[in-house]
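Number of protein chains: 2
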Amino acid sequence: MKPRDSSKTTVTIRDVAKMSGFSASTVSIVLNNAPLARYIPPQTKARIQKAAKSLGYFPNVFAKSLRSKRNHTVGVMVFDITDPYCTPILRGIENSLYQASYLQILADAHNERGRFERYLEMLLERRIEGLIVLANWLYLDINLLADIERGKIPTVIIGRELESDATSSVIVDDEAGAYGALSHLYGLGHRKIAFVRGPKALSSSKARWRGVQRFAKDTDLELDARLIVDLPDQLNPNVGVDDGFRMTDELLKRKRPFTALMAYDDMTAFGALRALAKAGIKVPGNCSVVGFDDINPSQLFVPALTTVRQPMEAMGAAAVVIVNDAITAAAEARSFGAIHRKLAAELVIRESTRAVPDKSS
Amino acid sequence: MKPRDSSKTTVTIRDVAKMSGFSASTVSIVLNNAPLARYIPPQTKARIQKAAKSLGYFPNVFAKSLRSKRNHTVGVMVFDITDPYCTPILRGIENSLYQASYLQILADAHNERGRFERYLEMLLERRIEGLIVLANWLYLDINLLADIERGKIPTVIIGRELESDATSSVIVDDEAGAYGALSHLYGLGHRKIAFVRGPKALSSSKARWRGVQRFAKDTDLELDARLIVDLPDQLNPNVGVDDGFRMTDELLKRKRPFTALMAYDDMTAFGALRALAKAGIKVPGNCSVVGFDDINPSQLFVPALTTVRQPMEAMGAAAVVIVNDAITAAAEARSFGAIHRKLAAELVIRESTRAVPDKSS
DNA sequence: CCATTATAGCGAATCGTTTCAATAAAACAA
DNA sequence: TTGTTTTATTGAAACGATTCGCTATAATGG
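Chains G and C supply the protein sequences, listed in that same order. According to this note's numbering, the first sequence is numbered sequentially starting from 8. According to this note's numbering, the second sequence is numbered sequentially starting from 8.
Here it is in structure tokens:
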């Protein structure tokens, strides 16, 4: 005897049709509130709804997507989820996606190229409707871009502006942010300022330094080359701390006095803080420190870190707006050019910066 | 005239069939290396592969899943992704999932019940093959459990052991962890130890306290009620710092001396660190502090926090092993009981704890 | 040389929806 | 009354893949 147990695993639209006494077509029309539902009398609707509910029916998304070619799913590719910089952006993405009732498939490339490609392929296979790439830190090379464009899928990159203009992007105004941070230190009376610059390969690194230079020029502040060190090129964002520590240590060894230190980012600043503590230099008593990013731990630190805040949730949200627009454009067969958004950073003044002690006293 | 442009958006198996000169059936058999492929001569295979490649064909997952009822996707529901405790677990989950070539749909409940339910529904609609719930912090009530069980989907909960035994779980051995932490302090000579306990509603809170009590009993250590405070029940994990600060502040006001403080978790410890700093108490010079969890910022702190490390990546991996086993069991129509794994925590000794100063000196 | 058996490939049904075109009754207009 | 429109409902054809069962040739064995 065949199992034929009553617990028919899946209840289909035909089951609902049978129970309600109408055809599958009608059930579909009612349940989706399709245009034709206009002609369906309320009582019919009610009976169908009731049958559907009592059977616990919900439509099979695969069948649905197979016809409609839509699946309300976007891919989110991060390069390293353990980077604290990611999390708020992910929150921003998630939140906006949820509002638009999209679901996200999360892929983490671990900063590995092969993994990125494999994931990209898997995502493409799933026929995601859009793709958001969170390019924190990794030196995103151009071939990856080509891979993405091959997919012909609406894509936004957060954190990196590609040379080619074809893919949308959301970035923060690094230059203005750095300008503001330095301006803050300057306003507190600091003149001997040390810099731990970011890895040269990073575009944000360059942009932040441009901000510094511009401010220096605007105010005739002298940038002492002996007070400038660079973070090595490095794939793992989480060792930024160690590098920051090491570079600051080296800076200290130069015996060149400074009253403030501007770090490439918060992680670097944490490392610097540790190096300064080790050298017996009090922050902010003897030296002010400013970071960049405002990742979560920065406000926790003692002293809490003065830093330049990236509007990370907003960046995530902005990315979603762009993909969403692109997706609807595609659905309506409109063409849709790439969009580039640059969001403003905001200086957050906390405890790690203080006016330079008055020399006269 | 119809558009009929050559850029036929999607290339189907039939296109491959046409190009290679075989039928769709054969193409399917070859491309999936199905049992029947045994009979297909190598040259035929080669021709089909070539055609597929040259057309850039990849199968439509919807059509595929529609038949096979499998889609290699699991849902991952977190309660708050901005909680730093989440990230390493997510990494562990992602990594294991990737190995098994599963993709994950990430849902973030924001600690809101309605959002949890909505997401659960969406995930069920997608017919995810398994579900991993990351129950950090939220007081997961029993109704949610019922919701999950309704779905009949292999589920694992990380971080919470449900009363009902029906759903698998992965938790950490809180009691032993707390026991070890206290033992560490005791070994350093501390006898007047303050405690900032976690919210009473949290099961981990209770378990950790049990560990403390057990150790106290084992060693006749006296637990001074005036040195014990409780964190308020509170939904947002990120304000644990503020609560930790406030409670430590209050503790300090009691003027009851102590040489060490054991915090419910790292966030609380950060708050305590800040309160102690404010009161001019040096850590670890005048007071040792120990946390729990070992979230990312803990090692960054100055002083770096001594804490009890939860093996978060391993927990994520363990969860994946369980769902994976459950899924294959289900696929083979075997029954599969709930599994409960309790992982050991590990004491990580850093800079925030030190031997109590010798009184004789 | 005929009966098997292995080899190669195909046609058609199926998965669960949506949607177009068709039908038919009812309502309306002339 | 007849012809047209509106209202209600449905059958059948996709969507793109997998798979069972069938045919047909080639190889094998006696």
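The C-beta atom is built at its ideal place from N, Cα and C for all residues, glycine as well.
- Remark: C-beta atoms of C:L312 and C:G323 do not approach each other more closely than 7 Å.
- DSSP places C:E101 inside the alpha helix (DSSP H), whose first and last residues are 93 to 106.
- Interface flag for G:Q111 against chain C is set, since a Cβ pair is found closer than 7 Å.
- Within the stretch 187 to 273 of chain C, the runs of beta strand (DSSP E) at least 3 residues long that lie entirely inside it are, in chain order, 200 to 204, 235 to 237, 267 to 270.
- For G:E101, the C-beta contacts it makes with chain C under 9 Å involve I88, L113, A114, D115, H117, in order along the chain.
- In the three-state reduction of the DSSP assignment, C:D181 falls in the helix class.
- Neighbours of G:A284 in chain C, taken as residues at a C-beta separation under 8 Å, are given in chain order as V309.
- DSSP, read as helix, strand or coil, puts G:R77 in coil.
- Pairing G:A321 with C:I100, the inter-Cα distance amounts to about 27 Å.
- Your pair C:P291 and C:R361 checks out as a contact, with CB atoms roughly 4 Å apart and the cut at 8 Å.
- Within chain G, the residues S108, L110 have their CB atoms less than 8 Å from the CB of C:M129, given in chain order.
- Counted as a single uninterrupted DSSP element, the beta strand (DSSP E) harbouring G:S295 occupies residues 295 to 297.
- A residue is called buried when at least 16 other Cβ atoms come within 10 angstroms of its Cβ; C:R281 meets this threshold and is buried.
- One alpha carbon belongs to G:K262, the other to G:D256, and they sit about 10 Å apart.
- Annotation for G:V315: no alpha helix (DSSP H) segment contains it, though the beta strand (DSSP E) segment containing it runs 314 to 316.
- The stretch 102 to 120 of chain C makes no contact with the stretch 300 to 318 of chain C, as fewer than three CB pairs between them are under 8 Å.
- The alpha-carbon of G:Y126 is positioned some 46 Å away from that of C:F202.
- C:V140 has C:M84, C:I164 as its beta-bridge partners, per DSSP.
- The DSSP-derived three-state label of G:R133 is coil.
- Only residues of its own chain outside the window of five on either side were considered, and among them A107 have a CB closer than 7 Å to the CB of G:N331, listed in chain order.
- According to the DSSP secondary-structure assignment, G:L350 is paired through a beta bridge with G:V179.
- With its beta carbon at least 7 Å from every one in chain C, G:R357 lies outside the interface.
- Note: G:V355 is bridge-paired with G:T314 in the DSSP secondary-structure output.
- By the CB criterion at 7 Å, G:V179 and G:A345 fall outside the cutoff.
- Leaving aside the five residues that flank C:D250 on each side, the residues in its chain whose CB is nearer than 8 Å to its CB run, in chain order, L238, P239, Q241, T275, G278.
- Chain order gives the chain C residues near G:P304 as P304, L307, where near means a beta carbon separation below 7 Å.
- Under the three-pair Cβ rule at 8 Å, the stretch 82 to 99 of chain G counts as touching the stretch 84 to 102 of chain C.
- Nearest neighbour of C:S27 by Cα position, chosen from C:E229, C:Q56, C:F65, turns out to be C:Q56.
- Listed in chain order, the positions of the stretch 261 to 287 of chain C with a beta carbon within less than 7 Å of a beta carbon of chain G are F277, L280, R281, A284.
- Counting along the chain, G:L110 sits inside the beta strand (DSSP E) bounded by residues 110 to 115.
- Less than 7 Å divides the Cβ of G:L73 from the Cβ of C:A70.
- For G:D300, the three-state secondary structure derived from DSSP is strand.
- By the C-beta criterion, the stretch 157 to 168 of chain G is judged not to be in contact with the stretch 219 to 236 of chain G, since fewer than 3 inter-stretch pairs fall below 8 Å.
- Ranked by Cα distance from C:I334, the first of C:R204, C:V177, C:A286, C:N78 is C:N78.
- Out of C:Q220, C:M129, C:T80, C:L38, the CA that lies nearest to the CA of C:S190 is found in C:Q220.
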